[in-house]
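Note sheet for the following structure.
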Amino acid sequence: MGVAKVAPPGRTNNMMLTAKMRALVIAALALFATGCTTSSVITAPYEPPTARYAAIVIDAKSGKVLHNTRADAIRFPASLTKMMTMYMAFEALSRRRISLNSEIPVSSYAASKPASKLYLKAGETINVDTALQALAVKSANDVATAMAEFLGGSEATFARMMTARARSLGMRSTTFRNASGLPDRLQVTTARDMATLSLALQKRYPQYFHYFGKSTFVWKGKTIRGHNRVLGMLKGANGIKTGYTRASGFNLATSVKRPNKHLVGVILGEDSGKVRNRHMVELLKAFGA
Numbered sequence: 006m007g008v009a010k011v012a013p014p015g016r017t018n019n020m021m022l023t024a025k026m027r028a029l030v031i032a033a034l035a036l037f038a039t040g041c042t043t044s045s046v047i048t049a050p051y052e053p054p055t056a057r058y059a060a061i062v063i064d065a066k067s068g069k070v071l072h073n074t075r076a077d078a079i080r081f082p083a084s085l086t087k088m089m090t091m092y093m094a095f096e097a098l099s100r101r102r103i104s105l106n107s108e109i110p111v112s113s114y115a116a117s118k119p120a121s122k123l124y125l126k127a128g129e130t131i132n133v134d135t136a137l138q139a140l141a142v143k144s145a146n147d148v149a150t151a152m153a154e155f156l157g158g159s160e161a162t163f164a165r166m167m168t169a170r171a172r173s174l175g176m177r178s179t180t181f182r183n184a185s186g187l188p189d190r191l192q193v194t195t196a197r198d199m200a201t202l203s204l205a206l207q208k209r210y211p212q213y214f215h216y217f218g219k220s221t222f223v224w225k226g227k228t229i230r231g232h233n234r235v236l237g238m239l240k241g242a243n244g245i246k247t248g249y250t251r252a253s254g255f256n257l258a259t260s261v262k263r264p265n266k267h268l269v270g271v272i273l274g275e276d277s278g279k280v281r282n283r284h285m286v287e288l289l290k291a292f293g294a
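Put into structure tokens, the structure is as follows:
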């Protein structure tokens with residue numbers, strides 16, 4: 006299977022926008038949206054802030070794309086990868102191959118993974134319920150690798166399983182090479198594909214989606230706090246996941262669900278976590294969140 010070549014993501018100084026300018030653009034989008042027909046697709050009428058930036062907003066009820074900036078451009082998923090790792094775990098749970106109490110063994114390979122991590126030791130075990138919390142909240146790379154070995158026998162085999170599942174969900178441009186999102190030039194995705202996965206997680210496994218809405222969990226008596234600040238910034242936000250590597254920039258998938266509105270947004274390649282979070286809130290509010 007061929008993989009699209011990825012140009013090294015970078016920054017272009019003359020493409021930078023101030024936060025004030027961006028706020029004005031989002032406000033203009035909101036005004037434009039109120040006058041659009043339901044069949045309209047709204048594309049931001051401005052240059053993206055960085056060369057690697059991409060974004061999409063989808064109405065989860067209708068499937069309509071409300072906003073699209075380079076949504077099909079190849080990018081690096083970083084820890085948004087763990088959304089698929091968790092999808093595979095949810096699938097195994099629903100098929101009763103495993104239970105939330107199943108113990109996941111930790112290999113020396115899994116324990117060797119760099120941070121973010123729980124600092125598991127080889128020979129330890131962690132149950133599936135705690136592992137899912139660690140993936141969603143802490144974005145623990147050692148836990149992701151242990152989960153991959155538990156479900157797939159090896160991380161390489163599990164990555165092939167992840168890619169196959171991505172194809173079955175309609176994620177045509179995504180290839181996984183590991184379960185954590187640690188840097189790999191061949192591990193790629195698009196904003197559209199990550200939105201597709203966000204929607205599939207909620208539609209197929211609503212009984213488990215609450216993991217993505219957690220902001221803390223307890224590990225060995227210590228409260229671990231997560232990275233997803235948008236959960237507390239936007240009314241109705243119920244997930245999903247943050248991600249970052251130097252190559253990817255700051256990534257975020259967000260779901261907002263209210264009685265009469267359900268939106269999913271994905272931003273890839275922002276300059277900072279604060280800018281990413283603020284932009285996501287502005288973008289989703291522009292479309293009624």
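Numbers in the numbering used here are just positions in the sequence shown, counted from 1, shifted up by 5.
We put the CB at the ideal spot given by N, CA and C, even for glycine.
Small disclaimer: the values here were computed from a predicted structure and weren't measured.
Outcome for residue i when other beta-carbon atoms lying within 10 angstroms are tallied against a minimum of 16
i	result
PRO50	At PRO50, the pLDDT of 37 sits below 50, so the modelled position is not reliable and the matter cannot be decided from this model.
VAL148	buried
GLN207	buried
THR194	buried
GLN212	exposed
THR162	exposed
ALA127	exposed
SER113	exposed
ARG57	buried
Cβ pair residue i, residue j closer than 8 Å
i	j	result
ALA164	ARG182	yes
ASN256	PRO82	yes
VAL133	LEU105	yes
ALA184	THR86	yes
ARG80	GLY274	yes
SER117	LYS143	no
VAL286	VAL223	no
THR2	ASP198	It is not possible to answer for residue 2, since the shown part of the chain is limited to 6 through 294.
THR55	ASP276	yes
SER84	TYR249	yes
Same chain only: Cβ atoms within 6 Å of residue i, ignoring 5 sequence neighbours per side
i	result
ALA139	LEU123, ALA145, VAL148
ALA151	ILE109, VAL111, ALA115
ARG2	Residue coverage of the chain in this structure runs from 6 to 294, which leaves residue 2 outside it and unanswerable.
ASN282	ARG234, VAL235
GLY1	The requested residue 1 does not occur in the structure, where the chain is confined to residues 6 to 294.
ASP77	THR195, ARG197
LEU125	VAL111, ALA116, ASP147
PHE217	ALA141, GLY244, ILE245
Residue from the options whose Cα sits closest to the Cα of residue i
i	options	result
ARG100	LEU85, ARG209, GLY158, LYS118	ARG209
PRO188	GLY254, LEU98, GLU96, ALA56	GLY254
HIS267	TYR114, GLY68, LEU98	GLY68
ALA153	ALA76, GLY237, LEU273, GLY186	GLY186
MET167	THR195, ALA94, LYS225	ALA94
ILE245	LEU137, ALA171, SER112, ILE109	LEU137
LYS66	LEU156, SER203, GLY274, ALA78	SER203
ALA196	ALA127, GLU129, ILE272	ILE272
MET88	ILE131, HIS215, ARG190	HIS215
LEU191	LEU71, ALA252, LEU98	ALA252
ALA97	SER113, ARG170, PRO119	ARG170
ALA200	ASP64, THR55, ARG57, THR90	ASP64
ALA205	GLY226, MET91, LEU125	MET91
ARG263	THR55, ASN243, TYR249	ASN243
ILE103	ASP77, ALA78, GLY157	GLY157
ILE131	HIS284, LYS225, ALA291, LEU71	LYS225
Helix, strand or coil at residue i [DSSP, three-state]
i	result
SER277	coil
LYS262	strand
VAL148	helix
ASP77	coil
ALA242	strand
ARG209	helix
ALA83	helix
THR201	helix
HIS232	coil
ASN282	helix
TYR249	strand
ALA291	helix
ASP64	strand
LYS143	helix
7 Å Cβ shell around residue i - same chain, five flanking residues per side excluded
i	result
LEU289	VAL62, LEU239, THR259, VAL261, LEU268, GLY270
GLU129	VAL111
GLY293	LYS266
GLU160	THR150, ALA153, GLU154, ASN183, ALA184
THR43	Any reading at THR43 is ruled out, since the residue's pLDDT is 33, under 50, leaving its predicted position unreliable.
Sequence-distant residues of the same chain with beta carbon closer than 8 Å to residue i, five excluded per side
i	result
LYS219	GLN138, ALA141, VAL142, GLY231
THR221	VAL142, THR228, ILE229, ARG230, GLY231
PRO119	ASN146, LEU187
Within-8 Å CB hit, residue i to chain C
i	result
ALA149	This model lacks chain C altogether, as it is built from one protein chain only.
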